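Here the sequence shown is numbered in the working numbering, starting from 916 and rising by one per residue. Note that CB positions come from ideal geometry on N, CA and C, so glycine has one too. In this text, all values refer to a predicted model and were calculated from it rather than measured experimentally.
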Amino acid sequence: MSEATIDKNEIEVALEAGTQEIYFNGFASALATNDFIIVLTRNGKEQAVLNTSHATAKMLAHRINQSIEKFEQKTNTTILIPEQL
């Protein structure tokens, strides 16, 4: 089974189970000795704090980048970040 299939199944199960969804439009991150911390914010207000291992944080960044690249290729667009505007 491919990673994409596993992710799709995990997402479907989470949505069907009514797992809490958090919308965020900002974040802060910090690297600690043993873990990585991500604070999710919406309109400047903290919504959640994520703690993860360094390896999981790197894998998350890699997978998000892959998804963004696929989206940009399919839509023939480039998603700009604020520093690029």
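- DSSP, read as helix, strand or coil, puts A972 in helix.
- Proximity to D950 across V964, L1000, Q999, I983 peaks at V964, based on C-alpha coordinates.
- A Cβ-Cβ distance of about 6 Å is found for the pair F939 and T956, placing them in contact under the 8 Å criterion.
- Judged by DSSP in its simplified three-state form, L946 adopts strand.
- In its own chain, leaving out the 5 sequence neighbours on each side, no residue places its CB closer than 7 Å to the CB of K989.
- DSSP places I937 in the coil class of the three-state scheme, outside both helix and strand.
- In this structure E987 is in contact with T993, their Cβ atoms being roughly 6 Å apart against a cut-off of 8 Å.
- Relative to the Cα of A976, the nearest Cα in the group S944, L995, T948, K923 belongs to S944.
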